[in-house]
Structures are given as structure tokens and as C-alpha cells.
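Participant:
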Amino acid sequence: MSVACVHKQDDQKVSISSSDPDATVLANTLYVHLKDLMSKGIMFGHQDDLAYGVNWKYEDGRSDVKDITGEYPAVFGWELGHLEIDAPANLDSVPFNKMKEFIRKGFEMGSVITISWHLNNPLNGGSAWDPDPKTVESILPGGEKHDVYKEWLDKVAAFVNDLVAEDGQLIPVIFRPFHEWNGSWFWWGKDHCSASDFKALWKFTVSYLRDEKNIHHLLYAFNSDKFYSEEEYMERYPGDEWVDLVGFDIYQREMDNEEYVKVLDTMLTNLEHLAKKRNKVPALTEFGGVNTDSTWWTKTFLPVLKKHKVSYVLGWRNAGLKNNGELEYYVPYKGDVSENDFREFYKDSITLFQTDLLKEKIYK
Numbered sequence: 361m362s363v364a365c366v367h368k369q370d371d372q373k374v375s376i377s378s379s380d381p382d383a384t385v386l387a388n389t390l391y392v393h394l395k396d397l398m399s400k401g402i403m404f405g406h407q408d409d410l411a412y413g414v415n416w417k418y419e420d421g422r423s424d425v426k427d428i429t430g431e432y433p434a435v436f437g438w439e440l441g442h443l444e445i446d447a448p449a450n451l452d453s454v455p456f457n458k459m460k461e462f463i464r465k466g467f468e469m470g471s472v473i474t475i476s477w478h479l480n481n482p483l484n485g486g487s488a489w490d491p492d493p494k495t496v497e498s499i500l501p502g503g504e505k506h507d508v509y510k511e512w513l514d515k516v517a518a519f520v521n522d523l524v525a526e527d528g529q530l531i532p533v534i535f536r537p538f539h540e541w542n543g544s545w546f547w548w549g550k551d552h553c554s555a556s557d558f559k560a561l562w563k564f565t566v567s568y569l570r571d572e573k574n575i576h577h578l579l580y581a582f583n584s585d586k587f588y589s590e591e592e593y594m595e596r597y598p599g600d601e602w603v604d605l606v607g608f609d610i611y612q613r614e615m616d617n618e619e620y621v622k623v624l625d626t627m628l629t630n631l632e633h634l635a636k637k638r639n640k641v642p643a644l645t646e647f648g649g650v651n652t653d654s655t656w657w658t659k660t661f662l663p664v665l666k667k668h669k670v671s672y673v674l675g676w677r678n679a680g681l682k683n684n685g686e687l688e689y690y691v692p693y694k695g696d697v698s699e700n701d702f703r704e705f706y707k708d709s710i711t712l713f714q715t716d717l718l719k720e721k722i723y724k
């Protein structure tokens, strides 16, 4: 059942419903709230937040975000990579059975669920980071690995169909496949397939899940890496009927704060413009800053966010200690140099966390 709701945006009434004409009521209700809530603030999200953090794993109810702020994120991110090869855990070692529990818990809290998929290379058997210029072509209809890809999609369908709430309803999920498509590091990246083949892959994926597998509780997020113009972003855009959210990923890495602010500001401006033009929901689908900067959250990141309206921002995972002895984390943890600053970021009226969403009743 498709539900189109009417709300005000820039003093004009705008009707919005998801790209799926048969979307579940919950999926469409979530979609409407994603857009409506942009007038109140920006939801904060974190990848793998309930599963682990810096120096801990699988402690019931724990979260690095909650350790500092006293509450959970508004958005929980999860990852399906290795589901396609029947592994018991994903590529970041989160068991899929635990992930389902975390997703149900997040939904019952009233938070938003988003899932990415770093799927292996179906042509050469390597990881998502093992490109081959023939991979995308090989999994399109008529390709030598097309049936393999359909089997992988069957596993995704089975997983999301098992995401059932306490009341028996299917939990709506923002599904984010083939992200950072304008980079070269994944096998679906722009250097490894044509724009037409990428669009065909996106359309087939959505159509197969929606029309063949009757999956109607997914919202589809299309996101780039760094981009410099609307024209560049739209080069691989599959069409409005195949997309619900538009976004991008941005990590500060080698950029200083000034450059990061400039790039982020430009990208958000372009994203907002194209989202408004196409009546889609904009989001900062992944980000990471500088962990050694004790005021990064309020002095660098927050001022840029306050200039824009996007649905949510998702900080990447707090993987913890790596084999090389370095700490990998993108959201502060208790005792971190930016702990106090992140608490101030949390207190700002523009940032929305789990209790804010609970009040908004985004699934009602």
C-alpha cells in the first residue's frame, strides 16, 4: 500500500511517497518523517553502534555514543557484506543473528535503520575491493554470473524479510548498495564499468528485490563519494523511480579543517539542490573527521551542518585497535580527547538523537 502524505516545505505543500508503489505503510511513514524532520534538525547516526566500540564488544545495551551522551543515536547503520557467501558473520565480524537482534532493538527504540552492502566480487571471487572491468557486465541479465548475483539477492531478501517487529510488521530499512560509485576502489566504481551498465545494475537490483522477491519495506539510498558538481553526481543516477534517498560519503583524511569545511559545504549545497529538484531525501551517508582535534565536533563539523538541511549524518564504525596498533574510530568514546566536545555537539538543538525520534513517533 502506498501512502502519500502532504507536508509543508518552503511554504509550499509537497506530496512525497517512496519510489515503490507498493511500499508498506511503515516504509512510507518513515520516508515522510525523514523529510519532515529536516525542519527540526539533523539525525545523528553511527555504524555498528550497538555491537562494539573502542575496547569493548557485545556488552548488552552499551554504545560509545550512549557512554558519552546518555542516549543512543537516532540512526543505526549495519553491513551485509559476506551474507552473500553464507558466512555466519559479516566482513566486520558481526554475526548476522546478532545483527538482526540489534536491528529489532533499534527499531523498537524508535530509531532509523540503514544497511550497506560491501558484497564480494562475483566474477573473480575477491572482495568488494578487488575490481575487474567485466564484473558489472557479468552480473547483468545475460551475463555469465547473473544467476549467481540473483542467488545473492535472494539471501538479502531472506535477511530483510526476517526483520520483523514485535507486532509482526516488517521493519523498514534504508538499503544502501553500491555506494561510493564514483570512486575506483570497489568493483562497481566508475573506472570499472560504464555509466549505462551501472544504471542497469542498480535498476535490476531494485526491480528484482521489489518485483520478483516482493520486498516492499526497503527505501533505496544512492550515494557517491566526494563529488564536485550536480552534473557529476547525476551521471550515474538511475532515475527517480529507482531512488528514495540521495547522499554522499566524506572522510577528512588528509584535508585540514578549512579545506574539509569548504568541500563539505559545497557538496551539501549541491546535494540539497538536486534532492529538492527531484523530491528526494538528502543524507550524509558516511563521514569521518579528525580524532586528535578536541573541538572538531563543535568548531568544524557543526557550523557546516547548521547551514544545511539534510535528514541524517552517519559516523562510521568504531573498530577499535587495529593490527598495526592504531585506534580506528569515527565517533568519540569515553575518555577520548573530544568527549566533552561531542557532548556539546549532542546538546545542540540541531542534532537529533534517539529520544528525539521517540517523541516524534516516526513510525506512526
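When we follow the numbering used here, the leftmost residue of the sequence shown carries the number 361, and every step to the right adds one. For glycine and all other residues, C-beta sits at the position ideal for the given N, C-alpha and C. Since the structure is predicted, the reported quantities are computational estimates derived from the model, not experimental observations.
In angstroms with no decimal places, state the Cα-to-Cα distance between tryptophan 602 and phenylalanine 564.
Facilitator: C-alpha separation (whole angstroms): 10 Å.
Participant: Where do the N-terminal and C-terminal ends of the alpha helix (DSSP H) with arginine 596 fall, by residue?
Facilitator: Element bounds for arginine 596: n/a, residue is neither H nor E.
Participant: For glycine 413, which option in Ser378, Phe647, Tyr690 has the closest C-alpha, if you only look at C-alpha atoms?
Facilitator: Taking only the C-alpha atoms, the option nearest glycine 413 is Tyr690.
Participant: Judging by CA-CA distance, which residue of Asp653, Tyr418, Val533, Glu646 is the nearest neighbour of alanine 387?
Facilitator: Of the listed residues, the one whose Cα sits closest to alanine 387 is Val533.
Participant: Given this structure, state the Cα-to-Cα distance separating phenylalanine 647 from methionine 403, to the nearest angstrom.
Facilitator: Taking the straight line joining both Cα atoms gives about 13 Å.
Participant: To which residues does DSSP link histidine 406 through a beta bridge?
Facilitator: Answer is Phe436, Gly675, bridged to histidine 406.
Participant: Per the DSSP calculation, threonine 711 is bridged to which residue(s)?
Facilitator: Looking at the DSSP assignment, threonine 711 forms a beta bridge with Ile402.
Participant: With DSSP as the reference, please indicate the residues paired to alanine 643 in a beta bridge.
Facilitator: Paired residue(s): Gly607.
Participant: On the CB-based measure, 16 or more other CB atoms within 10 Å of its CB, does serine 544 come out buried or exposed?
Facilitator: Burial call: exposed.
Participant: From which residue to which residue does the alpha helix (DSSP H) around arginine 638 run?
Facilitator: From DSSP, the alpha helix (DSSP H) with arginine 638 extends over 617–638.
Participant: Any chance the CB of alanine 449 is under 8 Å from a heavy atom of the ligand FMN?
Facilitator: Among the components of this structure there are no ligands whatsoever, and the ligand FMN is therefore not found.
Participant: Measure the C-alpha to C-alpha separation of lysine 460 and isoleucine 428 and round it to an integer number of angstroms.
Facilitator: Cα to Cα, lysine 460 sits roughly 25 Å from isoleucine 428.
Participant: In angstroms with no decimal places, state the Cα-to-Cα distance between isoleucine 445 and threonine 655.
Facilitator: Roughly 42 Å between the two C-alpha positions.
Participant: If you reduce the DSSP assignment to three classes, tell me which class serine 584 lands in.
Facilitator: If DSSP states are grouped into helix, strand and coil, serine 584 belongs with the strands.
Participant: Got a sec? Which residues, its chain only, sit under 7 Å from lysine 426 by beta carbon, not counting five neighbours each side?
Facilitator: So the list reads Tyr432, once near-sequence residues are dropped.
Participant: Along the chain, where does the beta strand (DSSP E) containing tryptophan 477 start, and where does it finish?
Facilitator: Run containing tryptophan 477: 472–477, per the beta strand (DSSP E) assignment.
Participant: May I ask which residues mark the beginning and end of the alpha helix (DSSP H) holding isoleucine 428?
Facilitator: Segment 424–429, the alpha helix (DSSP H) holding isoleucine 428.
Participant: Would you mind working out which of Pro482, Leu624, Asn583, Glu618 sits nearest lysine 510, comparing C-alpha positions?
Facilitator: It is Pro482.
Participant: What does the alpha-carbon distance come out to for the pair tyrosine 593 and asparagine 415?
Facilitator: If you take the alpha carbons of tyrosine 593 and asparagine 415, they lie about 38 Å apart.
Participant: Is it right to say glycine 528 is buried, meaning 16 or more other beta carbons lie within 10 angstroms of its own, or is it exposed?
Facilitator: Answer is exposed; the Cβ neighbour count stays below 16.
Participant: Nearest-angstrom Cα distance between leucine 410 and tryptophan 541?
Facilitator: Their backbone Cα atoms lie some 28 Å apart in a straight line.
Participant: Looking only at C-alpha atoms, which of Tyr723, Lys724, Lys721, Asp716 sits nearest to alanine 434?
Facilitator: Taking only the C-alpha atoms, the option nearest alanine 434 is Asp716.
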